[in-house]
Each structure stands twice: as C-alpha cells, then as structure tokens.
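Novice: Before anything else, here's the structure in question.
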Amino acid sequence: MSTTKKFAATALAAALGVSTLAACGGDKGDSGSGDGKKSKTVTLVSHDSFNASEAVLKAFTKETGYTVKVLKSGDAGAALNQEILTKGSPRGDVFFGVDNTLLSRALDNGIFTPYEAEGLGAIPEGVRLDGDKHRVTPVDTGDICVNYDKKYFADKKLAPPKSFDDLIKPAYKNLLVTENAGTSSPGLGFLLGTVGQYGDDGWESYWKKLRANGVKVVDGWEQAYNEEFSGSAGGKKAKADRPLVVSYASSPPVEVLYAEPQPKEAPTGVATGTCFRQTEFAGLLTGAKNEEGGKALIDFLIGKKFQEDMPLNMFVNPVIKDAKLPELFTKHGVVVDKPQTVAPEKIADQREQWVKSWSSLVLK
Amino acid sequence: MAVPVAFFAVFFAYPVAAITGRGLTVDGVWQFGRIGEVLGDPDIRGVLWFTTWQALASTGLTLLIALPAAYVFARLDFPGKQLLRAVVTVPFVLPTVVVGTAFLALLGRGGLLDELWGVRLDTSVWAILLAHVFFNYAVVVRTVGGLWSQLDPRQEEAARVLGAGRFAAWRRVTLPALVPAVAAAALMVFLFTFTSFGVVQILGGPAYSTLEVEIYRQTAQFLDLPTAAVLTLVQFAAVGAILAVHAWTVRRRESALKLVDPSRTARKPRGVGQWALLGGVLATVAALILVPLGVLVERSLDGPDGYGLGYYRALQSAGASGGTFLVPPLEAVWNSLEYALAATAIALVVGGLAAAALTRRAGRLVRGFDALLMLPLGVSAVTVGFGFLITLDEPPLDLRTSWILVPLAQALVGVPFVVRTMLPVLRAVDERLREAAAVLGASPLRVWREVDLPMVRRALLVAAGFAFAVSLGEFGATVFIARPDNPTLPVAVARLLGRAGDLNYGQAMALSTILMVVCAVALLVLERMRPDRSGSGEF
Chain A
0 MSTTKKFAAT
10 ALAAALGVST
20 LAACGGDKGD
30 SGSGDGKKSK
40 TVTLVSHDSF
50 NASEAVLKAF
60 TKETGYTVKV
70 LKSGDAGAAL
80 NQEILTKGSP
90 RGDVFFGVDN
100 TLLSRALDNG
110 IFTPYEAEGL
120 GAIPEGVRLD
130 GDKHRVTPVD
140 TGDICVNYDK
150 KYFADKKLAP
160 PKSFDDLIKP
170 AYKNLLVTEN
180 AGTSSPGLGF
190 LLGTVGQYGD
200 DGWESYWKKL
210 RANGVKVVDG
220 WEQAYNEEFS
230 GSAGGKKAKA
240 DRPLVVSYAS
250 SPPVEVLYAE
260 PQPKEAPTGV
270 ATGTCFRQTE
280 FAGLLTGAKN
290 EEGGKALIDF
300 LIGKKFQEDM
310 PLNMFVNPVI
320 KDAKLPELFT
330 KHGVVVDKPQ
340 TVAPEKIADQ
350 REQWVKSWSS
360 LVLK
Chain B
0 MAVPVAFFAV
10 FFAYPVAAIT
20 GRGLTVDGVW
30 QFGRIGEVLG
40 DPDIRGVLWF
50 TTWQALASTG
60 LTLLIALPAA
70 YVFARLDFPG
80 KQLLRAVVTV
90 PFVLPTVVVG
100 TAFLALLGRG
110 GLLDELWGVR
120 LDTSVWAILL
130 AHVFFNYAVV
140 VRTVGGLWSQ
150 LDPRQEEAAR
160 VLGAGRFAAW
170 RRVTLPALVP
180 AVAAAALMVF
190 LFTFTSFGVV
200 QILGGPAYST
210 LEVEIYRQTA
220 QFLDLPTAAV
230 LTLVQFAAVG
240 AILAVHAWTV
250 RRRESALKLV
260 DPSRTARKPR
270 GVGQWALLGG
280 VLATVAALIL
290 VPLGVLVERS
300 LDGPDGYGLG
310 YYRALQSAGA
320 SGGTFLVPPL
330 EAVWNSLEYA
340 LAATAIALVV
350 GGLAAAALTR
360 RAGRLVRGFD
370 ALLMLPLGVS
380 AVTVGFGFLI
390 TLDEPPLDLR
400 TSWILVPLAQ
410 ALVGVPFVVR
420 TMLPVLRAVD
430 ERLREAAAVL
440 GASPLRVWRE
450 VDLPMVRRAL
460 LVAAGFAFAV
470 SLGEFGATVF
480 IARPDNPTLP
490 VAVARLLGRA
500 GDLNYGQAMA
510 LSTILMVVCA
520 VALLVLERMR
530 PDRSGSGEF
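So the protein sequences, as listed, match chains A and B.
Using numbering that gives the first Met the number 0, the first residue of the first sequence is number 0, and each one after it goes up by one.
Using numbering that gives the first Met the number 0, the first residue of the second sequence is number 0, and each one after it goes up by one.
Okay, here's the thing in structure tokens:
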C-alpha cells in the first residue's frame, strides 16, 4: 500500500509541475485578460477562416491601446453554436463570422448587445440586414458561385456555363460537382441560390433536372475542390474529371496568388449567373468583459485599414463603399452583378425543411 | 486513485453529462419522450444500422487481413522487422484529414486501381472498409502478435510429438491461448470503427453516415442538442457494452499463460509456406499501407516545375504571399510538439496513477473504473468539446480560452493507452519481491525505486511514446476548442486544404508528410524500448 502512496506522491508532484507550467504558459498568451474594466486586451472569437495581417492588428493597438487576442474554434456553424451555448458568459468580447444563412439563429438567441458602429454610414443599406437594431454590423461579403476549368472548356471548344439554367443543359452533363447542403456552407449557399432563382415552387424540379444531368455531390468543399474539380492544383494531381465546381467568386484570384510562379491568367473562371451572396457580420457579445474595447474593435473592423487588408487574408470583399480592392482582385476576380439572396428570417424558418427535401431529392 | 478519478470526473464525465443533460431537459424537466421520438425516426434508424454493419464488416475484414501479419511479426525473423512494425502503426495515429486525401488518390478516379483495372471505389462502402483496415491493422498486429510472440512454441511441438497433426496441434494448443487476444483486438477495432468519423465523412460521401457523424451534424451544424443527446446516449450504451466485454476478455487473457521471451520464439522463415506467407504479408503492407502513405509524400514533392522541396521551403515563410497564417506553417510543428508534450505528461500522471491503483485493488468498482477510463475513446469529440464549453466556464476553472484545454482534451485520449500499457506490467511485478525487500529493511520509497521502477520504466516510456503520438495526431477535439492562434499540425493541414491554390495544397501535403515522419520517429524510438516481456505492445 505504501508504495502506491509513494508513487502517487511522485506523480502528484509531476502533475503539479505540469499545472505550474500550464499557468506560466497561459500568462504569456493572454496577459491581463479577464481582469475587468482595466483590461487592455480585447478578445475576438471567430471561425477558423479568420485572418488579418499582423501590421493591421498592430495598427489597431497603436490607435486604441487595446491588443487583440483571436480565438478560433471550428467552422462558421460550429463557432456560432458555441457562442449560443455560452450565452451570457462568453469567451470573448466580439464575435465575428456569423453570415446571413445563420444570422437569424444568432439574433433569436440574443447573444449580441446592440451597438451602432462608428462609420456605419459607409456601408450600403442593402447589406445591413439587422436594420436599425444594430445588433450586428456587416463586415464583408462573398459570393458562392460555380467555378469552371478554363482549359477544359477551351480544349473542348465549349462555352463555359453562365447561369443556373445552363447547368441543366445536355452539353454540361456529368460535369458539375457540388457539396452536401446539409454539412457544407458552399453547398448550402448553392442550394439557397437555386431557391432564390426558382422560388419555393421551382427549386425542387430544378434539382431533379440537375440530378438527371449528372451532378455529383460530395461532403465538403475540400473534397469537391481539391479532389474532384479538374481546374484546381489538387484536382490536376488527382486527375479529376469534373470541370465545374461550386466554390467562391474569389477562388480564381486565390489560384493565382498561391501559385509559383504566378500565372498571367487564372486557370479557373466564375459562372456569374450562379451566385449566392453571403454577408458576414460581427457583433458585441452580451456579457463581454471588455465592452469598450469590443466597441472599438467593431469600429475598426469596418474601418478602411482592416477592410482593405481583408481581401487577401480571407478572400472576401470589403463592405464599405470606398475601400480599394487589391490588384489581384480587380485583375483576376469578377464582378457579380446580380447575386441571389434570401432573407435571413426565411432561411431560419425553412432551412431545415429545404435541406431535408434536398437530401431526399439528390442523395437518395 | 483520487487524482485519476478527479481528472476523469472534471474533464470528462461532468462536461459530457452536462451537454447531454442540456439536450434532454427543457426548463429543468427531463424529456425522456425525445428518446423514443429520435429512435423512431427512420433516418436515424438507417444511421444506426449502417454504423453497426459497417463496423462488423470492417472488423471482420481487418482480422482477415491482419491476422496473418500478426503471425509473421510474432514468429518470423526478417531484416527491417522493427522498422516495419513502426511503419504499420503510423496510420493508427495519423489524422483522418490526411489519410482521406491519400486514400482518395488510391481508390478514386485516376487512382492506382483505376489505372490498373478500371476499378473505382470512392464513395462506395469499400473505400470506407479498406480505410478502416488501414487504420486498425496495427491494433490486430500488436495485440495478437504481441501475445503470439510470447507463447512457447515448444508446447505445440510437444503436441505434435504426441501424435497430433500440424493443424490439430495448432487448434488445440495455440488457438485457445490466442482467442482472448483476438477477441480483445476485434473489440477494439469494432470500437474504433463503430465511432468512425473522418473516414466515413471523407470517403463515404454524403450518402453514408455513422452515429458519430450524425452527432457532429446535430451538434455543430444544427445545434439540435436533444437529438444529439439521444444519439450520444445510444453511442454510450453501445460503447459501454463493447468495453464491458473487452474488460472481460482482457482479464481472461491475463490469466495464467506460460509466456516466454519473444526474441526466442521468432526464427528465420523456413519452407515454401512460410516464405509465401511472409511475401504475402509484405505485399499487403506495401499495397495497403505504404502506397497511401507514399502518395502523400509524392504529392508533397510534386511541384509545378517537377519534383522538389519547394512546398517544404514555403512552409517556412508566413504565407509566401498573403496570409493563411500569421506565422510560418512550420511553427505548427512546434505547437504540436508542445501540446503533445504537455498532453503526454498529463496522460502519464493520470494513467500511471490509475494503473497503479488498479493493480493493487481488484474490487468490482475498481474494475469498472478500468473500463470507464476507456470511454473517451468511444465518445464523440464534439460532445466533449462542447461539454467543456458549458462546464469549465467559471473561475477557477474557466479554462475555455486557455491553451491547457487542448492538451487536457488530448490527454483524455492518451490515458487509456497509458493504462493499457502499464497495467499488465505492474500486475506482473511479484508482490513477494516487494515484501522481501521490505522485510530486509528497505523503506517504501526504496522498495518502489529498487523493485517497481526498474520493471516499470520501460513500460512507462512505451506508454509515453503512444500518448505522445496519439496527441500529435488528435484532431477532433482540438478543432472545437478555441485556440489563441497557434494551430496544431492536423489543424494547420485542414486549414491549408480549406483554401484554393497550388501552394496551399502542396503545403498541406508537405505538412502531412512531416506529421507522418514525426509520428513514425516517435513510434520507432518506442519500438526500441519495448519491454522484453509482458503483454504490452497492445493496440
């Protein structure tokens, strides 16, 4: 028995060592967070796709005195759901990354405290989906669109598709790969795009035709884009055979940016008539420990510095009117004139039903 | 006993119970009616059915393919055996994001099978089954092979001298001794495949879903906690049953078998049969394990201007242009190593104490605790992650934004490995040795140092190696835990794969290869430290 105790004592000492280590480690990361009003740290909670350049975050500290600590946890849906679960005792001060497909869920659960951001006037009315309540502030927009492999269509001397209607034409049979609308946000965006285009009565018959025309569905964007789509780097290595994929309007500029050497022209293009517009919002979390810092951060997110830094970090479009797009976007990106949209309340009400009907139409 | 119990209660039982409870109560009233409702849903029943039969099929296939290898590793001696044993274990600790990509390359369009025979298996159930064999091959080889190598071959020879035929001798002597180990291995494979997540998601396509995938969907995507809670309970019940049977077979296996030093039982292959068997096993390992791993390496080297180290060099700069990361992706290697070290330390302390306690006391309660410690292996990461979120939210335990949460979650998965490795060794220490030392006047500390420590040290190192490798590859829980921006290797790989662009894809492959090599090295070091005797080398 006593040997067990000795072993226990040694082990316990080791455990204490570990936790001391942990305490030290913790300190360097978040000095002073959670110390009430005087805190000089403001914490931004977001999804895994959030990115900002270091220079811009430093500029914020210089302007306001606050240091930004970024916490990322999972994809957009998972990150938001975690905020809903921790309502009232949030992990941070500001949440960034709720989009129009999930906005109603966030608002209905009341996780945000209204704050009218300074500089809101520079944002077009059309994307301010919370109206005068100011619970959330739009930060960026992005379009989910069908991308095509330029080389494939040039080789076949076939014009790439332009619209939803084109996709069900025999010429494009067995060419499109899309994502599961139940688990992937571009997949859901594409489904919502068809709902926007054909309405409550027409979208199901459109998908029947799309299925008859050989659309392939995979679970996530990574598989669709990297494994199935013949225009991407991964797809080329995998000898992929689908020249059409549901992705983003910003994917072609990304293909250029992350190539060495950078090609003169993007290898992929965008079918501009197949787009669904996503808007991402930020909001001040109810129960935030550093409300003042949080407000300053939201102001900063829609300020010119951050807005112009965003495109090359998150591959989305700035939301304020006078932000300049980087050359990469103006040169290789596209302008989507008439993206489809669906009201957040309607999405909240019907999403589950839509996804269910879609699953039984397309997957079974 | 107090430390592991407290650790388990605070960082596992309480969070999981809380999130499940949250799903099943409305304003404090339990809603047991939900259970019937959810289970009555034909979609959910379909998921349950698929989960069960694919796990059964995967287990059967794994046994079929891996048992000959268990024999070869146990009884035959050939050059490079240690290296090969480490290599076949690598898949077990690789994150599924990485493996899924490799497997698609092998089984999908334009893959090896497609080019040779025009066979494509992606989004078919065959891809799932083969990937499960890939992941769990080592479980059978190590658990069964570990014991097999310690069975005295002379017993079988004796039976043959007494007139039994070769097969009859094997069936009467060796088989009964092996059965418990085979059962234990089969149950572990069943447990891992029953709770399969990444493999099914990536290779199965949207048409296939396991319980684990469904729990993830309901929790992380739809925030339908009631449904998730019911599914969690179902999985709990199933996993509990599997573990109960497993604990029973483990106990039977530890019953008196005359074991010998494995180095004395293996010899050079003789005769056509053994050579053919060795060749067959090596070919299987090459096709099933080396080729998928090789595909990753090949793609990581295959740059736009031909083969080279371009992607590896790109890992050293903070996003060659623009920024997927604030810091060079290569830093993820250090993050991972730091997290894994901390996780290993925690797992060793908690698992070591638990194993020590389990050795001395064998009451029913304690044995129950043994099985309980295995539960984290069968509970969905999203349940644990979201459970942390709603329970560890008050000082002094507001750990939700602390980096320590990541190693804590990883340690949960590491503890069962530590316990399972340490337990047989600790049990093998003869109590009389300790008593003798005490009688001769040694202090308790000295007894521990002179008697226990020398015997346990190597097992401790093996356990540490396993906990370390498992932590390195852990992805599920890590991805749901809010991290100040320092991603682990698997998270960084997933993030790179989530972006378009040649450089991102290539870097993802390069990072995966690095992860693979780090795991392989950890396992190889571990191979060198295998204790001479004891039934370790499980899993």
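Yeah, the Cβ is synthetic: ideal placement off N, Cα and C, and Gly gets one too.
Run through DSSP, which three-state label would Gly64(A) get?
Specialist: Correct three-state label for Gly64(A): coil.
Novice: In angstroms, rounded to a whole number, what distance separates the CA positions of Lys236(A) and Tyr171(A)?
Specialist: Distance between the alpha carbons of Lys236(A) and Tyr171(A): 23 Å.
Novice: Quick one: list the residues of chain A neighbouring Phe385(B), beta-carbon separation under 9 Å, in chain order.
Specialist: Correct list: Ala77, Asn80, Gln81, Leu84.
Novice: Using a Cβ-Cβ cut-off of less than 7 Å, list which residues of the segment 378 to 410 of chain B approach chain A; keep chain order.
Specialist: Within the segment 378 to 410 of chain B, the residues whose Cβ lies closer than 7 Å to some Cβ of chain A are Phe385, Leu388, Ile389, Asp392, Arg399, Thr400, Ser401, Trp402, Ile403, listed in chain order.
Novice: Where does Pro67(B) fall in DSSP's three states?
Specialist: Pro67(B): helix per DSSP, three-state reduction.
Novice: Using a Cβ-Cβ cutoff of less than 8 Å, which residues in the same chain neighbour Ser88(A) once the five nearest sequence positions on both sides are dropped?
Specialist: Taken in chain order, the residues that qualify are Gly286.
Novice: Is the segment 207 to 220 of chain A close to the segment 266 to 275 of chain A, with three or more CB pairs under 8 Å?
Specialist: Touching, no, given that fewer than three Cβ pairs across the two stretches are closer than 8 Å.
Novice: Give me the chain A residues within the contact set of Asp369(B), using Cβ-Cβ distance strictly less than 7 Å, ordered along the chain.
Specialist: Near Asp369(B) there are no residues of chain A at all, since even the closest Cβ is about 16 Å away, more than 7 Å.
Novice: Going by C-alpha to C-alpha distance, which of Trp220(A), His46(A), Thr40(A), Val41(A) sits closest to Ala219(B)?
Specialist: Looking at the Cα atoms, His46(A) is the closest of the given residues.
Novice: For chain B, check one thing: does any of its Cβ atoms lie closer than 9 Å to the Cβ of Lys36(A)?
Specialist: For Lys36(A), the pLDDT reaches just 44, beneath the cut-off of 50, and the residue's location in the model is therefore unreliable, although a value from the coordinates is still provided. So no, Lys36(A) is outside the interface.
Novice: Which residues mark the beginning and the end of the alpha helix (DSSP H) in which Ala1(B) is found?
Specialist: That run of the alpha helix (DSSP H) goes 1 to 7.
Novice: Tell me, please, whether the segment 117 to 136 of chain A touches the segment 307 to 321 of chain A by the rule of three or more beta-carbon pairs shorter than 8 Å.
Specialist: The segment 117 to 136 of chain A is in contact with the segment 307 to 321 of chain A.
Novice: Taking one C-beta from the segment 471 to 490 of chain B and one from the segment 75 to 82 of chain B each time, how about it: are there three or more such pairs within less than 8 Å?
Specialist: As far as the Cβ criterion goes, the segment 471 to 490 of chain B does not touch the segment 75 to 82 of chain B, which means the pair count is below three.
Novice: Run the CB neighbour count on Asn80(A), radius 10 Å, all protein chains shown included, and call it buried at 16 or more, exposed below.
Specialist: With 16 or more other Cβ atoms within 10 Å, it is buried.
Novice: I'd like to know whether the C-beta atoms of Leu289(B) and Val86(B) end up nearer to each other than 9 Å.
Specialist: Cβ atoms of Leu289(B) and Val86(B): closer than 9 Å.
Novice: CB-CB under 8 Å to Pro169(A), same chain, minus the five flanking residues each way: which ones, in chain order?
Specialist: Cβ neighbours of Pro169(A) beyond the five flanking positions: Asn212.
Novice: What are the boundary residues of the beta strand (DSSP E) that Thr173(B) is part of?
Specialist: Element bounds for Thr173(B): n/a, residue is neither H nor E.
Novice: Which bits of chain B does Arg90(A) rub up against, with CB to CB less than 7 Å?
Specialist: Those within 7 Å of Arg90(A) in chain B are Arg399, Thr400, Ala481.
Novice: What does the Cβ neighbour count give for Val271(B), buried or exposed, with the cut at 16 atoms within 10 Å?
Specialist: Flag for Val271(B) reads exposed.
Novice: Just to confirm before moving on: does the CB-CB distance between Phe196(B) and Ala380(B) stay below 9 Å?
Specialist: For Phe196(B) and Ala380(B), yes; Cβs fall inside 9 Å.
Novice: Name the chain B residues that come within less than 8 Å of Trp220(A), Cβ to Cβ?
Specialist: Here the neighbours are Gly497.
Novice: Report the residue from Ala281(A), Ala258(A), Ile301(A) whose alpha carbon sits nearest the alpha carbon of Asp304(B).
Specialist: Out of Ala281(A), Ala258(A), Ile301(A), Ala258(A) has the C-alpha closest to the C-alpha of Asp304(B).
Novice: Going by DSSP, name the residue or residues bridged to Arg442(B).
Specialist: Note that residue 442(B) is Ser in the sequence shown here, rather than Arg. Ser442(B) is not bridged to any residue.
Novice: Anything in the segment 221 to 247 of chain B with a Cβ closer than 8 Å to a Cβ of chain A? List those residues in chain order, please.
Specialist: Cβ contacts with chain A come from Phe221, Leu222.
Novice: May I ask you to list, following chain order, the residues of the segment 182 to 207 of chain B that have a beta carbon less than 7 Å from some beta carbon of chain A?
Specialist: For the segment 182 to 207 of chain B, which is checked against every Cβ of chain A, the residues closer than 7 Å are Gln200, Ile201, Gly204, Pro205, Ala206.
Novice: Is it right to say Ser162(A) is buried, meaning 16 or more other beta carbons lie within 10 angstroms of its own, or is it exposed?
Specialist: The residue is exposed, with fewer than 16 neighbouring Cβ atoms inside 10 Å.
Novice: Determine the DSSP secondary structure at Phe133(B), reduced to helix, strand or coil.
Specialist: Here Phe133(B) sits in helix by DSSP.
Novice: Are the Cβ atoms of Tyr65(A) and Leu296(A) separated by less than 9 Å?
Specialist: Yes.
Novice: Since Tyr504(B) meets chain A, which of its residues come closer than 7 Å, beta carbon to beta carbon?
Specialist: The contacting residues are Asn225, Ala232, Gly233.
Novice: Can you find the residues in the same chain that come closer than 6 Å, C-beta to C-beta, to Gln339(A), ignoring five residues on each side of it along the sequence?
Specialist: Correct list, in chain order: Gly192, Gly195, Gln196, Phe275.
Novice: Please return the same chain residues whose Cβ sits closer than 6 Å to the Cβ of Phe328(A), not counting the five positions on each side in sequence.
Specialist: These residues qualify, in order along the chain: Pro252, Pro310.
Novice: Out of curiosity, what's the CA-to-CA distance linking Gly28(A) and Ser299(B)?
Specialist: Here the model assigns Gly28(A) a pLDDT of 38, short of 50, so the residue's position is not dependable and the matter cannot be decided.
Novice: Does at least one heavy atom of the ligand ADP sit under 8 Å from the Cβ of Asn99(A)?
Specialist: As far as ligands go, the structure on display features none, and thus does not contain the ligand ADP.
Novice: Leaving out the 5 sequence neighbours to the left and right, which residues in its chain are closer than 6 Å to Ala462(B) when beta-carbon positions are compared?
Specialist: Excluding residues within five positions, the ones whose Cβ falls inside 6 Å are Val417, Thr420, Met421.
Novice: To the nearest angstrom, how far is it from the Cα of Cys23(A) to the Cα of Leu129(B)?
Specialist: Interpretation of Cys23(A) is limited by its pLDDT of 40, a score under 50 that renders its predicted location unreliable; the figure taken from the coordinates is listed afterwards. Approximately 45 Å, taken between the alpha carbons.
Novice: Evaluate contact between the segment 174 to 193 of chain A and the segment 174 to 187 of chain B, counting only Cβ atoms and requiring at least three cross-stretch pairs below 8 Å.
Specialist: With a cut-off of 8 Å, the segment 174 to 187 of chain B and the segment 174 to 193 of chain A do not count as touching, because too few Cβ pairs lie within range.
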